[in-house]
Amino acid sequence: MRLSILSVVAVAAVVLTGCVPQKKYDELQNRFNSVYAENQGCQTELAAAKSRIEGLQDAIQAERNNMTSLQNALTECLAGSKQGGANIAKLVDEINASNKYIKHLTEINRKNDSLNMVLTNNLTRSLSREELKDVDVQVLKGVVFISLSDNMLYRSGSYEISPAANETLSKIAKIIKDYKDYDVIIEGNTDNVPIKKENIRNNWDLSALRASSVVQALQNQHGVDPKRMTAGGRGEYNPVASNATDQGRAKNRRTQIIITPQLDEFMELIGQAPETN
């Protein structure tokens, strides 16, 4: 589900003004809570993307197993008797259909892997050595993860984008705009240290507001189509290191820009597997 980013901004703006009627505050607070509930859809969408990619890979392996069975059946038929002519012809047709399907699925998978590699290389080459200290780019299960440290993006305990971060975001935005067939998930993450800000209740709030800030910067300042983006926060509950050390907490305070292929075509292809008897 796409987040209503304007709702988040509206609530944050009203809260910052301090004095509002209780009824209006309660109404906006309910909307605010609803938006954060929708943030769960961010992780659901990412998990679904990974699942669809794995489904494609499973389909390729299943079809390879099927073709092996068909080839074994053909061998047995040839070794049996000449009476199996009709069965042999049918098996040959099924093997050819299966082989064509495997090649098609493999080509789609290879194309996705190649695009991910080019995307990653283009982004890495565009970043300066200094920027690469705060930006980590990885490809995992067919999905590109761009991890940005909070030290580079925000002031401590804040969700406002720093001026210095905009140059880096502009380079990432260019890559996103160059690859129009990819969707983008922005995911905020924090360490487990409780936030102490009057207008931010907890790390859930902070992580979601940070993700929303990055989405709005990509949209408003760098021209990324908002229909391609989803923003969400995971608070302190998605650590990549121990929160027991300063170094570990620093790694956990990050915002991830996750670039995923649009995989509807993959699902259609999987549903078009040749039938076998």
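Numbering-wise (my numbering), the sequence shown opens with residue 10 and increments by one. Ideal Cβ placement from N, Cα and C applies to all residues, glycine included.
Where do the ends of the beta strand (DSSP E) carrying residue i lie?
| i | result |
| --- | --- |
| G242 | 238-242 |
In the DSSP output, what is residue i paired with across the bridge?
| i | result |
| --- | --- |
| L149 | V152 |
| I209 | K206 |
| T264 | L157, G197 |
| P270 | Y191 |
| Y246 | For Y246, which the question treats as bridged, DSSP gives no partner whatsoever. |
| V144 | L157 |
| I170 | Y163 |
Can you check which of these residues, the options, is closest to residue i by C-alpha distance?
| i | options | result |
| --- | --- | --- |
| K180 | S167, D214, D122, T129 | T129 |
| H231 | N131, K186, S156, Y168 | K186 |
| T264 | D192, V224, L157, Y168 | L157 |
| G166 | E140, L149, M238, N198 | N198 |
| N160 | V152, G257, D143 | D143 |
| D145 | R210, P235, F154 | F154 |
| L218 | L162, D234, R138 | L162 |
| K109 | S78, N96, R73 | R73 |
| Q6 | K150, A173, Q31, S135 | This structure does not reach residue 6, given that the chain is present from 10 up to 286, and the question cannot be answered. |
| A182 | V148, I204, L136 | L136 |
| V148 | A68, S171, D122 | D122 |
Short check: CB of residue i to CB of residue j, under 8 Å?
| i | j | result |
| --- | --- | --- |
| N175 | A226 | yes |
| Y191 | Q271 | yes |
| E169 | G241 | no |
| S222 | R243 | no |
| I267 | I194 | yes |
| N208 | E245 | no |
| N81 | S107 | no |
| M238 | V249 | no |
| N261 | D214 | no |
| V152 | T254 | no |
| I184 | L132 | yes |
| T84 | E140 | no |
| V202 | R134 | no |
Quick one: give me the first and last residue of the alpha helix (DSSP H) that residue i is part of.
| i | result |
| --- | --- |
| L136 | Counting along the chain, L136 falls outside any alpha helix (DSSP H), and DSSP gives it neither H nor E. |
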